[in-house]
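Heads up: the sequence lines are chains A, B, C, D, E and F, in that order.
Under the working numbering, the first sequence has 253 at position 178, and the numbering climbs by one with no breaks.
Under the working numbering, the second sequence has 134 at position 59, and the numbering climbs by one with no breaks.
Under the working numbering, the third sequence has 272 at position 197, and the numbering climbs by one with no breaks.
Under the working numbering, the fourth sequence has 341 at position 225, and the numbering climbs by one with no breaks.
Under the working numbering, the fifth sequence has 214 at position 98, and the numbering climbs by one with no breaks.
Under the working numbering, the sixth sequence has 217 at position 101, and the numbering climbs by one with no breaks.
Glycine included, every Cβ here is placed at the ideal spot set by N, Cα and C.
Fair warning: this is a prediction, and the values are worked out from it, not measured in the lab.
Scroll down for the structure; my scribbles are underneath it.
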Amino acid sequence: MGSVGAKDVPVLMTEDGRRIDGRRADELRPLRIQAGALRQADGSAFVEWGANKVMAAVYGPREVHPRHLQENNKAIVQCKYNMAAFSVDERKRPGLDRRSQEISKVIAEAFESVIFVEEYPRTSIDIYIEVLQANAGTRCAGVVAASVALADAGIPMVDLLPAVAVGKVAGHVVLDLKKEEDNFGEADLPMALVPQSGRLVLLQMEGHMTRTELSKALDLGVGGCRKIYEEMKRALRERYAPTGTASAMEVAA
Amino acid sequence: MGSVGAKDVPVLMTEDGRRIDGRRADELRPLRIQAGALRQADGSAFVEWGANKVMAAVYGPREVHPRHLQENNKAIVQCKYNMAAFSVDERKRPGLDRRSQEISKVIAEAFESVIFVEEYPRTSIDIYIEVLQANAGTRCAGVVAASVALADAGIPMVDLLPAVAVGKVAGHVVLDLKKEEDNFGEADLPMALVPQSGRLVLLQMEGHMTRTELSKALDLGVGGCRKIYEEMKRALRERYAPTGTASAMEVAA
Amino acid sequence: MGSVGAKDVPVLMTEDGRRIDGRRADELRPLRIQAGALRQADGSAFVEWGANKVMAAVYGPREVHPRHLQENNKAIVQCKYNMAAFSVDERKRPGLDRRSQEISKVIAEAFESVIFVEEYPRTSIDIYIEVLQANAGTRCAGVVAASVALADAGIPMVDLLPAVAVGKVAGHVVLDLKKEEDNFGEADLPMALVPQSGRLVLLQMEGHMTRTELSKALDLGVGGCRKIYEEMKRALRERYAPTGTASAMEVAA
Amino acid sequence: MSDEVTAEIVTTHILDLARGGRRVDGRGPDDYRPITVEPGFVTTADGSALARIGDTAVVCGIKLEPGKPFPDTPNAGVLTTNAELVPLSSPTFEPGPPHPRAIEVSRVVDRAIRAAETIDLTKLCVTPAEKCWTCFVDMHVIDHSGNIIDTASLAALAALSHATLPSKRFGIGDADTPLAVQHYPVECTFTRLGDTIVVDPTFDEERAGQGRLTVATDEEGRVVAMQKGLVGAFSPDDVKSVVDRAVAHGERIRALAREG
Amino acid sequence: MSDEVTAEIVTTHILDLARGGRRVDGRGPDDYRPITVEPGFVTTADGSALARIGDTAVVCGIKLEPGKPFPDTPNAGVLTTNAELVPLSSPTFEPGPPHPRAIEVSRVVDRAIRAAETIDLTKLCVTPAEKCWTCFVDMHVIDHSGNIIDTASLAALAALSHATLPSKRFGIGDADTPLAVQHYPVECTFTRLGDTIVVDPTFDEERAGQGRLTVATDEEGRVVAMQKGLVGAFSPDDVKSVVDRAVAHGERIRALAREG
Amino acid sequence: MSDEVTAEIVTTHILDLARGGRRVDGRGPDDYRPITVEPGFVTTADGSALARIGDTAVVCGIKLEPGKPFPDTPNAGVLTTNAELVPLSSPTFEPGPPHPRAIEVSRVVDRAIRAAETIDLTKLCVTPAEKCWTCFVDMHVIDHSGNIIDTASLAALAALSHATLPSKRFGIGDADTPLAVQHYPVECTFTRLGDTIVVDPTFDEERAGQGRLTVATDEEGRVVAMQKGLVGAFSPDDVKSVVDRAVAHGERIRALAREG
């Protein structure tokens, strides 16, 4: 969101509707998903999305630590979203800050909304998301990566969880903000969709939008999620039935 | 206690024996006790005492957390005294500081001295004291509030625990210090009395007093506690047999 | 090791092979070991070595805290090496820093290499080392003290663990560095020896040494350890068969 | 075990009632519990309020102290928001470092205050890049009977609306002036109970619910912050209708915060 | 279990003896265990002492370093007191952050030092509001056989009495001068065993006791600090008589601290 | 239980093979797994690399920021090394404060970088005693299949070798210049399996092993750091032969770090 008193706002939208990196309002950044990127984890995925690099791993269902969190009738879903010290311009001190803890909470709740947790009572399903390089939209990239990692780990879910942030930039509602748009834009609205039901399990927003803009933003985000959903499925298919083609691909509007 | 190198000491005692707020040496500040001030707690009380506002809640007897603190032959009594960030002039950083931890310890020990802990083996009785507005004497206000909260929770005790600080100000032994008296006075002596036995279960002191002054201070404090005791009983009676009269009242010497 | 940009390097080795305190290259500092220095511990020892003063205590085999660290087929060995705030020139903030945690880890692993841990399944053997006054070589002094404390506690071990640091100072390989030698020298190599097998269970090194120097350093250290071993046995004999002679003694090359 | 069984019975009852548009305490799906605001509750603070929504109570205190601007906003003061979910307020809270629950509350309240530009932070700059006011918004939850976010947010807004810059105390000016509040964001929280979405959930309704959704709107009817929490899902249409309801409630609650 | 049974047997035995005015180690109710003080025990400190009362041992080290005065006392140095109850000293102490037990010890010692005006803090001011000496009093409990407070307090007083301002090291003056100690507070701790109140309780007596009471007095016989701790109670008359006994013991112990 | 049994079977198998000089993955005792280095992996860092040894992967990012020299080294910049063993990388790591395992890795890597004088810290001084560059070396272990130390150390060396001083960003100079690396320490880690000492142990070999020994050597064949870890022992002759092997491996690995 626009920093108070900040200067040097770049041109975020040209007169012919091009964004700072040349994209149209409804265009995603290039997205590349690799399922099964790690050896130790039960499931994993690596996502490169624009200039984001995000790794996710899943462990479980496994014993609950600490024990007193165990639930008798379902698995608990724990998430730890973490940013590497070098993932942002100004070095981030290692350790969980308040932002990371909030994001971890809403992501865990989003996944608990789609995982069949009652099938694994007294266990924990642990999701770890490491942001190695950040350029706006890391929590959505993390959800996409974690979702593929959960599928890679064979955890039964209602559906995969595509996610994307919509925003408002120079008065326009646009899809998939990059860093400059996030810093100098007027609103940021990350969401995660259950494609099967059309419902949102993650939704946050900061900035200001009229009701009309918000309505438009929701529709734009749902559309974006559906494109990302196709890429997620493609990554999983490649993992289990590799075709010899490159796994990198670009998603255009 | 008198801060080293501090200046601008106000007149703390006039020639005709009046204190900075007009009280006599043996006079208490106005005291208002409301039993049952909270909905969630098993027992609670709100105390306004001079310019102090202190809330206390009691939970228990309940399961012990963490488990390894559990005792087989009695309940443990845990206390957490905490000051809100905005309760003092200079904002206090949230979290337990050393002062709060010491006060929590002596208060827990004071209450364990009067609660029939052997009746509830393997449980915990948890006392929480939140200081919302502070003006000297908050630990005594906390003991008074917690004691009423324990009674409100139905925890069996030998007796209620009235508490008050005595001090030395401009050479005089006085009852119930307010902030300026605490800051610029020569001694502070908080105590909590078991009225039934006439014994003290909380007693601390800092400053300097001769043996004669100390003796006088103890007697003055015991007298103050007995007045406060009446107010505590009145608050509990009102809670359980409301008469329609206001619960606020002022205690004079 | 030589601090970057530091000045005022003292003369560390004279032309006739004398060190800053007059010792020869293969000479130890005075060493005094007192077994059984504490009352509460199951075993203890106090070591004065040059200007180091180090106390060690052993508790166990006892119940494991926290419980989940317990192992079914052996005792765990835990070590906490700690420096008192006043043990060094510039006051050290209380609490475990990273250096202390690393040292604690390698010492615990060294002792687990010689204790018959399989004889005490599901227990913990806890070693505490407190550095009260530091002058280079505290981890070795700590190992010597802890080893005597373990013997004092009656814990069965393959052998005692003498330890000493070798270093490189003004181009010479020397035994048992003192503070100035450690600060301005070129290498520091602490080690702990199992005399019975001639093997090293603790070995660290920082600085730079040629392979020839390193080889010489290892031999010098092993020789030093064998001298220290004699003092350790003497301290234990005195503890259990006091002869009336003073327990202080000086070890010369 | 007993607790779990009780909770399950209560949940079933709540969901049964909700099918008929009813609630345990007799409210309709779009009714708030009684709301009260007591500004100036804490005199040691530079601004304060005790807000109650039903049995949920939050005390907010504002402290204004001299500080240093952040390097990237040299012309602005600093706003710091913190919520304490002290164990006094609920049997479900334990002592210890801030739980993610408490962090979420403070961040959601912070987000609305910040996005709505509630206070003009540039007015809190004293000397660019050197000295500014730091505005601490500390929220102390003292009784938790559900819907902490709205109660804390209301307490914060009321406390800010009645706060004073203690310029004299810190030698920064000759007179103490009111803290200038320029926008009034109000947070409204909803929970899904089956097909019904109810406003202002109680503790039991939050536990029974299938997702929580908070929408903050300002006095111009704009959305300034949202937060979906807990397990559950909302359709885009759910969200749109919740926004409309939040705007309507916001107007009434906003007046309470401003007037006290 | 075995531990609990042993403790109960020991407690019963202690209380039985106390009825006849006797103690397990043969002392009378008003006898201290042997006391020794070794000043200068740690040469890396600016002042230090090893104090022993019976089998309880505490090393105290003083460090004096340049610092900044607190804003509200611009003409005074800073005093910081800390007690470490390291797990080396007792099977009942565990590693981890400071336990309330340790905090109580350091605060009770600090209170006596501060209230007695043991050191004249204004003499530790170098440049008002800018530079002062910070005096760190670090107490390291190394053997805990009961009555830590008195032993730690004695170690601290002896260390302070023999401390030197390291002015040269920090370029603050030409010569190192002794830290000026102007008062000598001594803490004496008592425990109630039934109707008997004994001084200098051992570890087992503290556990058997019904309340602990510490009284600090200065060389003029004034009370400067008190602390009642643990479970139990004292009547005002108990307190008065304990104070008289503390004054008497204080005189003897004070001499040990000053001379070493 | 099941885990313990599996571990014991694997350990027995590894030790059996080792008696014949063989390893589970077919390597000889002195063979490394495949090594790859990808410099510039993270563009938000001032230098970075992804290093892989077999299935073990570490990302290292270098950040260079203005700071203040330490008082005792006024003419030098500051080097800070940190390793994060995040729970993503292994089922045996748990969230929480840095485990001694992680601290050991970062300290062993730090020791080699520092002792080898990898970077000339005096060149990172901007204004003596006032301003310098702080060089943060952050290592993020993302997949732990054994031998973290060598992988992390390699990632760090490669990241440093390809790092740039961001002088323009911080207004410290007109142009960004490469960070000057003057020495290239390489760490090689060995584990004893009975009488055989193997290089580059896998996770299972580390667990089966009787002691771990790391030797860091520079491009002149000098030893700059060593660390014996885990339970087990090495004779002085073992150490000497391991050093020779480390020098030989170091040469090849050094080239990978420099060229990427």
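For the alpha helix (DSSP H) that residue i lies in, which residues bound it at each end?
i	result
HIS365(E)	352-375
ARG312(C)	286-315
LEU270(E)	264-277
GLY170(D)	No alpha helix (DSSP H) contains GLY170(D), which DSSP labels as neither H nor E.
SER199(C)	Careful: SER199(C) lies outside any alpha helix (DSSP H), inside the beta strand (DSSP E) at 199-208.
ASP263(B)	Counting along the chain, ASP263(B) falls outside any alpha helix (DSSP H), though it belongs to the beta strand (DSSP E) covering 262-269.
GLY186(C)	As written in the sequence, residue 186(C) is Phe, which differs from the Gly given in the question. Start and end: 173-187.
ASP257(C)	254-259
Any C-beta of chain B sitting closer than 8 Å to the C-beta of residue i?
i	result
ALA245(E)	no
GLU402(D)	The question about residue 402(D) has no answer here: the residues shown for chain D are numbered 117 through 376.
PRO203(D)	yes
ALA324(E)	no
PHE286(D)	no
GLY177(D)	yes
SER206(D)	yes
Going by other Cβ atoms of all chains shown within 10 Å of its Cβ, with 16 needed for buried, is residue i buried or exposed?
i	result
HIS299(D)	buried
ALA228(D)	buried
VAL84(C)	exposed
HIS129(E)	exposed
GLU325(B)	Low confidence applies to GLU325(B): its pLDDT is 34, below 50, so where it sits in the model is not reliable enough to give any reading.
GLY193(F)	buried
LYS179(F)	buried
Under DSSP, the beta strand (DSSP E) around residue i begins and ends at which residues?
i	result
GLN109(B)	106-110
SER119(C)	118-124
Please check the pair residue i and residue j, which I expect to be a contact at CB under 8 Å, by giving their CB distance rounded to whole angstroms.
i	j	result
VAL248(A)	ALA211(A)	No, VAL248(A) and ALA211(A) are not in contact; Cβ-Cβ is about 16 Å, not under 8 Å.
ALA120(B)	ALA216(B)	So it is not a contact: roughly 10 Å between Cβ atoms.
PRO136(B)	TYR195(B)	4 Å
ARG166(B)	GLU181(D)	6 Å
Could one say the Cβ of residue i lies closer than 8 Å to chain A's Cβ atoms, at least one of them?
i	result
PRO216(D)	yes
ASP353(F)	no
GLU378(F)	No statement about residue 378(F) is possible, as the shown extent of chain F runs from 117 to 376 and does not include it.
Within the 8 Å Cβ cut-off, does residue i reach chain E?
i	result
VAL163(C)	yes
ALA160(C)	yes
Of all the CB atoms in chain C, is at least one closer than 8 Å to the CB of residue i?
i	result
ALA296(F)	no
THR159(E)	yes
Quick check on residue i - is its C-beta less than 8 Å from some C-beta in chain F?
i	result
VAL197(A)	It should be pointed out that residue 197(A) corresponds to Arg in this sequence rather than to Val. Chain F, which has no Cβ nearer than 8 Å to the Cβ of ARG197(A), makes this no.
VAL222(C)	It is worth fixing the name first, because residue 222(C) is Ser in this sequence and not Val. No, SER222(C) does not count as interfacial toward chain F.
Residue i CB to nearest chain D CB: under 8 Å?
i	result
GLN176(A)	yes
* Asked: the stretch 259-287 of chain A: which residues have C-beta closer than 7 Å to a C-beta of chain D, in chain order?
  -> Those would be VAL269, SER272, GLY273, ARG274, LEU275, VAL276, LEU277, LEU278, GLN279, MET280, GLU281, GLY282, HIS283, MET284, THR285 and ARG286, in chain order.
* To do: Please list the residues of the stretch 259-276 of chain D that have a C-beta atom closer than 8 Å to any C-beta atom in chain B, keeping them in chain order.
  => ASP259, HIS260 and SER261
* **Selection of the stretch 180-193 of chain B by Cβ proximity to chain E, strictly under 7 Å** => LYS180, VAL181, GLU184, GLU187 and SER188
* To do: Note down, in chain order, all residues in the stretch 88-108 of chain A with a beta-carbon under 9 Å from any beta-carbon belonging to chain F.
  => none
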